[in-house]
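Q:
In the working numbering, the protein residues as written are 1 to 190.
(1) Starting from residue 102, follow the alpha helix (DSSP H) in both directions and report where the run begins and ends.
(2) Please go through the segment 73-99 and give each complete alpha helix (DSSP H) segment of 4 or more residues, from N-terminal end onward.
(3) So, is residue 172 buried or exposed, given that buried needs 16 or more other C-beta atoms within 10 angstroms?
(4) Considering only their Cβ atoms, is the gap separating residue 66 from residue 146 smaller than 8 Å?
(5) Quick check: residue 62 and residue 102, are their CB atoms within less than 8 Å of each other?
(6) In the DSSP assignment, find the unbroken alpha helix (DSSP H) run with residue 53 in it and report its ends.
(7) Return the residue from the list 90, 100, 113 that minimises the CA-CA distance to residue 174.
(8) Per DSSP, what are the beta-bridge partners of residue 34 in this structure?
(9) With 16 other CB atoms within 10 Å as the buried threshold, where does residue 80 fall?
(10) At a cut of 8 Å, does the segment 13-22 reach the segment 36-55 through at least three beta carbon pairs?
(11) Taking buried to mean at least 16 other C-beta atoms within 10 Å of its own C-beta, is residue 176 buried or exposed?
(12) Hey, residue 38 and residue 179: beta-carbon distance below 8 Å or not?
(13) Candidates 26, 59, 144, 23: which alpha carbon is nearest residue 109's?
(14) Which residue marks the beginning of the beta strand (DSSP E) containing residue 176, and which one marks its end?
(15) Among the residues of its own chain, which have a CB less than 7 Å from the CB of residue 76, if the five just before and after it don't count?
(16) Give the straight-line distance between the Cα atoms of residue 27 and residue 21, rounded to the nearest whole angstrom.
(17) Kindly list the residues whose CB is nearer than 6 Å to the CB of residue 120, restricted to its own chain and excluding five residues on each side of it in sequence; keep chain order.
(18) Measuring only the C-alpha atoms, how far is residue 68 from residue 161?
(19) Specify, as a first and last residue, the run of the beta strand (DSSP E) that residue 133 falls within.
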């Protein structure tokens with residue numbers, strides 16, 4: 001039985017995102033097919049659709065979230081000042097340079113509203129149940145799908161080191177460099 005058949009009228013909002021040629025029409029939940037491994041405009045549309053559901057959810061709501069490998073490119077909401085082109089170019093540059101998935105997600109996590117705990121920070125207090133299908137050795141939740149629900153913050157210092165390690169600093173856009181290099185100022189607590 002489908003999720004729709006089981007939950008019926010209990011579904012008040014949602015979205016399903018999958019890669020090209022893997023979708024099937026649903027009756028009450030929108031299905032978005034997006035690009036993998038490089039995000040496209042449909043990935044951004046999916047990211048904003050997911051953000052909308054997450055941000056509207058209140059303390060009386062339950063979010064059921066199935067997360068699997070590939071989610072990093074299938075759902076995206078760029079951070080302020082970062083364009084889809086920026087995401088596509090930096091993803092391609094890192095992949096071509098031989099960056100591993102941890103390095104790729106570290107950099108992309110600094111450029112996204114969703115990755116690296118972004119969905120967790122945007123959630124409106126709902127109860128969230130995430131079922132994760134791992135495609136990463138060791139099953140690190142912060143890496144699978146770029147860790148949208150983990151308790152983490154983007155690591156701007158690590159992202160900068162990764163770009164330097166692969167000699168990519170000169171090739172990134174000014175917006176990407178500004179975002180990564182202009183990390184938040186330290187806080188002095190007394």
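The C-beta atom is built at its ideal place from N, Cα and C for all residues, glycine as well.
Nothing here was measured: the structure is a model prediction, and the numbers come from that model.
A: The answer reads as follows:
(1) Mapped onto the chain shown, residue 102 falls at position 102. Counting along the chain, the unbroken alpha helix (DSSP H) around residue 102 starts and ends at 101-109.
(2) Those alpha helix (DSSP H) runs which fall completely within the segment 73-99 and span 4+ residues are 84-97.
(3) If you number the chain shown from 1, residue 172 lands on position 172. By the 10 Å Cβ count, residue 172 comes out buried.
(4) Within the chain shown, residue 146 is the residue found at index 146, counting from 1. Within the chain shown, residue 66 is the residue found at index 66, counting from 1. Cβ atoms of residue 146 and residue 66: not closer than 8 Å.
(5) The residue you call residue 62 lines up with position 62 of the chain shown. The residue you call residue 102 lines up with position 102 of the chain shown. The criterion of a C-beta distance shorter than 8 Å is not satisfied by residue 62 and residue 102.
(6) On the chain shown, residue 53 is found 53 positions in, with the first residue counted as 1. Here the alpha helix (DSSP H) through residue 53 covers 41-56.
(7) The residue you call residue 174 lines up with position 174 of the chain shown. Residue 90 is the option with its Cα nearest to residue 174.
(8) In the chain shown, residue 34 corresponds to position 34, counting from 1. In the DSSP output, where bridge partners are listed per residue, residue 34 has 19.
(9) Within the chain shown, numbered from 1, the residue matching residue 80 stands at position 80. Around the beta carbon of residue 80, a 10 Å sphere encloses fewer than 16 other beta carbons of the protein chains shown; the residue is thus reported as exposed.
(10) They touch, by the three-pair rule.
(11) Residue 176 sits at position 176 when you count from the first residue of the chain shown. Burial call: buried.
(12) To locate residue 38, count along the chain shown from 1; it is residue 38. To locate residue 179, count along the chain shown from 1; it is residue 179. For residue 38 and residue 179, no; Cβs fall outside 8 Å.
(13) Counting from one through the chain shown, the residue named residue 109 turns up at place 109. Of the listed residues, the one whose Cα sits closest to residue 109 is 144.
(14) Counted from its first residue, the chain shown places residue 176 at position 176. From DSSP, residue 176 is part of no beta strand (DSSP E) but of the alpha helix (DSSP H) over 174-181.
(15) Start at 1 with the first residue of the chain shown, and residue 76 comes out as number 76. Correct list, in chain order: 39, 43, 44, 47, 87, 112, 114.
(16) In the chain shown, the residue the question calls residue 27 occupies position 27. In the chain shown, the residue the question calls residue 21 occupies position 21. Going by the C-alpha atoms only, they are around 18 Å apart.
(17) Taking the chain shown and counting its residues from 1, the one referred to as residue 120 is at position 120. So the qualifying residues of the chain are 149.
(18) In the chain shown, the residue the question calls residue 68 occupies position 68. In the chain shown, the residue the question calls residue 161 occupies position 161. Note on geometry: alpha-carbon atoms of residue 68 and residue 161 lie some 27 Å from one another.
(19) On the chain shown, residue 133 is found 133 positions in, with the first residue counted as 1. Start and end: 127-133.
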